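Under our numbering, read the sequence shown as residues 7 to 114, first letter to last.
Glycine is no exception: its CB is placed at the ideal position from the N, C-alpha and C atoms.
Because the structure is a prediction, the values reported are computed rather than measured.
Reading through the structure tokens given below for one structure.
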Amino acid sequence: MSANDIQNTTHRFSDVAGEPCIMLTPIEGFNKKPLVTLEEATEPLKKIVPRISTYVYVAKERAKNPADDLSVDESASIALYTMEWEPHTNSLYYILNSALRGEDRANL
7 MSANDIQNTT HRFSDVAGEP CIMLTPIEGF NKKPLVTLEE ATEPLKKIVP
57 RISTYVYVAK ERAKNPADDL SVDESASIAL YTMEWEPHTN SLYYILNSAL
107 RGEDRANL
């Protein structure tokens, strides 16, 4: 593992500096939304997540035989969230975590 790989892995688990120092309101209502395909779910992200359609395709190709009774879309969504992109600030997990830390819950 290269030094860059170690640094990228480390920042994924130690990015507490980005945590807000205030109590945020709960995120509500997502459990009432219908399940949609991964392509549909990521459509609104195309403007803010570079090359997300490409990564969705790759994630779904890798998830053709999911384990644990997950659907292809469910398995691919986990893979998509955990993918490391270059630079790491373009990664889906980084962008979503930044949005989750924001005070404006309407942005979610």
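Query - Length at least 4, wholly inside the region 27 to 112: the alpha helix (DSSP H) runs in chain order - result: If we require 4 residues or more, the alpha helix (DSSP H) runs fully inside the region 27 to 112 come out as 44 to 48, 58 to 68, 78 to 88, 98 to 107.
Requested in this report: If I'm right that leucine 44 touches alanine 82 with Cβ under 8 Å, what's the distance once you round it to whole angstroms?
Outcome: Going by Cβ atoms, the distance from leucine 44 to alanine 82 rounds to 5 Å, so yes, they are a contact pair.
Query - tyrosine 61 to leucine 30 span [Cα, whole Å] - result: Cα to Cα, the separation comes out at about 30 Å.
Report task. Pull up the distance between the alpha-carbon of aspartate 74 and that of isoleucine 54, whole angstroms please. Result -> C-alpha separation (whole angstroms): 31 Å.
Query raised in the report: Under 8 Å between the Cβ atoms of alanine 47 and alanine 69?
Result: Cβ atoms of alanine 47 and alanine 69: not closer than 8 Å.
**Report entry** Local Cβ density within 10 Å of lysine 38, reported as buried at 16 or more and exposed below that
**Finding:** With fewer than 16 Cβ atoms within 10 Å of its Cβ, lysine 38 is classed as exposed.
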